[in-house]
Amino acid sequence: MRYAKKIKLFFIILLTGLALNSWAEGITIDSSTVTVDSQQGIISARYTIQLNNTLEQGLNRGIPLIFSLNCDVIQSRWYWFDKKVYSSQQDRKLTFNPLTRTYRFYLGPVYVSYDSLSEALQAVGQISNWSLGEPNLLKKNETYQATLQLKLDVSQLPKPFQIDAIANSDWTLSSKQYQWIIKP
3 MRYAKKIKLF
13 FIILLTGLAL
23 NSWAEGITID
33 SSTVTVDSQQ
43 GIISARYTIQ
53 LNNTLEQGLN
63 RGIPLIFSLN
73 CDVIQSRWYW
83 FDKKVYSSQQ
93 DRKLTFNPLT
103 RTYRFYLGPV
113 YVSYDSLSEA
123 LQAVGQISNW
133 SLGEPNLLKK
143 NETYQATLQL
153 KLDVSQLPKP
163 FQIDAIANSD
173 WTLSSKQYQW
183 IIKP
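If you're matching positions, the sequence shown starts at 3 in the numbering used here and goes up one per residue.
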């Protein structure tokens, strides 16, 4: 009986630690702004990305992590269904080079090397002056809703890991969908 309190305390500490660990992992948005210039929306945002142990070990063993940044602009209409006026996706690739022990962040054909994982994740989460379509896309006196979401694209993982990602939630990493109301 005297060990019952110790065992109960041990399980409480263990569950608290697991809850805090799962809370620390993920993608959260720190700051965001939308500006309208010549009827064109421009988004800047900063995400904080925390990888869990499975993703970090996979990255360090040569599995590239491709994050997908999705943005939609929807025009609200009272007389009919809402109209999607703009939709875009941007892939942000993160790899580890074991020879130089550096992390590479790819945005399209351009890459930048970082010495630490935290610096590389900070670069992945930084969105600067991303334009929402061409000029004059947004009409004056109309209301638009813009959404932005950053997530790990599981469909671009190597095939064996795609199968594992179906059964294992450690391979899923996503931010909540962030929304703005735009009135140019």
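Glycine included, C-beta positions come from ideal geometry on N, C-alpha and C. In this text the structure is predicted, and so the values were computed from the model without any measurement.
Three-state secondary structure (DSSP) of residue i
i, result
"aspartate 74", "strand"
"asparagine 138", "coil"
"serine 40", "coil"
"serine 120", "helix"
"glycine 28", "strand"
"leucine 2", "The question about residue 2 has no answer, for the chain in this structure spans 3 to 186."
"tryptophan 82", "coil"
"serine 34", "strand"
"lysine 161", "helix"
"isoleucine 168", "helix"
"asparagine 143", "coil"
Cβ distance (whole Å) where residue i is taken to contact residue j below 8 Å
i, j, result
"aspartate 155", "isoleucine 68", "5 Å"
"glycine 28", "leucine 152", "Actually they are not in contact, since the Cβ atoms of glycine 28 and leucine 152 sit about 10 Å apart, beyond 8 Å."
"isoleucine 45", "tryptophan 132", "5 Å"
"glutamine 77", "glutamate 144", "6 Å"
"tyrosine 88", "glycine 135", "4 Å"
"proline 186", "leucine 140", "5 Å"
Closer than 8 Å to chain D by CB, residue i
i, result
"aspartate 166", "In the displayed structure, chain D is absent; only one protein chain is listed."
Buried versus exposed, by CB contacts within 10 Å (16 or more), residue i
i, result
"leucine 159", "buried"
"tyrosine 81", "exposed"
"tyrosine 49", "buried"
"alanine 47", "buried"
"valine 126", "buried"
"serine 157", "exposed"
"valine 75", "buried"
Span of the beta strand (DSSP E) around residue i
i, result
"tryptophan 182", "180-184"
"leucine 154", "146-154"
"threonine 104", "104-109"
The ligand FMN heavy atom lying under 7 Å from the CB of residue i
i, result
"valine 38", "The ligand FMN is not part of this structure, which contains no ligands at all."
Q: Decide yes or no for the touch test of the stretch 51-63 against the stretch 114-127: beta carbon pairs closer than 8 Å, at least 3 of them.
A: yes
Q.
Using 8 Å as the cut-off, can you tell me whether the stretch 100-109 makes contact with the stretch 139-151, which would need three or more C-beta pairs spanning the two stretches below that distance?
A. no
Q: Could you tell me whether the stretch 34-44 touches the stretch 153-170, where touching means 3 or more Cβ pairs closer than 8 Å?
A: no
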